[in-house]
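As structure tokens, the structure follows; a few thoughts come after it.
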Amino acid sequence: MYFNKIYFSLLAIAVITGCKPEKKTVSEAKTHDTIHTNTSIEKEPDNPTKHTKLPVVDTTAVLLAFKKASETKKFGKDLSFDIKEDLSGSIFDSERPILIGDLNGDQVDDAIMPFSIEGRDGGNNWDAHYAVFINKDGQLQYQYSFDRGGDLAETQTFFKSIKDGVVKGLEEPGFHFPEGESKPVSYVYKNNKLELISTSGVK
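Take the sequence shown: its position 116, counted from the start at 1, is 116 in this note's numbering, and no numbers get skipped.
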């Protein structure tokens with residue numbers, strides 16, 4: 001009977017001690033909170049930025065843009081002819097390269113395409129130009145035509161490259177002015193036009 005009393009007393013103490021909640025130290029509580037914070041999942045923004053891949057600008061894209069531009073009133077006005085007029089000869093210069101590169105500093109490719117117009121008023125003379133296209137949301141949009149000389153011009157301009165927003169090329173003597181000299185030229189696209197700059201930098 002005596003042992004039973006002792007047994008039940010010890011059992012009661014053990015049960016009470018086992019059910020008592022364990023106290024955490026301040027250090028343990030802080031450690032637990034830190035771990036919880038570090039393992040929490042961050043909520044994604046409601047409107048994530050969408051990256052749209054723009055179409056590639058290549059020779060085919062430039063030719064299609066030129067074809068579309070050549071059928072507009074603006075193109076006809078720039079070149080001083082009726083777009084419905086039946087011109088003999090070609091309006092594409094296959095001997096000069098189509099240039100592709102960033103002209104306006106927006107990190108997407110623009111384009112410059114050489115072309116010539118022959119047979120004005122039934123004659124044999126021709127005039128040569130560059131069609132300038134600016135890339136807007138992946139579409140090449142015709143801006144204007146740069147006059148690069150013609151059959152009777154004293155000089156002719158031939159562009160070679162577009163690099164860092166600068167169009168580089170040569171100004172060469174016209175066919176009827178063989179005594180002239182060739183010289184390097186550089187242009188930048190400014191105020192919706194190609195403007196001549198010095199070879200040492202922008203004016």
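Quick reminder that beta carbons are idealized off the backbone N, C-alpha and C, glycines included.
Predicted model only: the values in this text are computed from it and were never measured.
Bounds of the alpha helix (DSSP H) holding Lys68 are 59 to 69. In this structure Val185 is in contact with Glu171, their Cβ atoms being roughly 5 Å apart against a cut-off of 8 Å. DSSP, reduced to helix, strand and coil, places Asp78 within a helical segment of the structure shown. When secondary structure is reduced to three states using DSSP, Arg96 falls in the coil class, being assigned neither helix nor strand.
The three-state secondary structure of Gly149, taken from DSSP, is strand.
When the five nearest sequence neighbours on each side are left out, the beta carbons in the same chain lying within less than 7 Å of the beta carbon of Val108 are those of Leu54, Asp102, Asn135, in order along the chain. Straight across, the Cα-Cα distance linking Asp106 with Asp151 is about 36 Å. As DSSP reads the structure, Asp110 sits in a beta bridge with Gly101.
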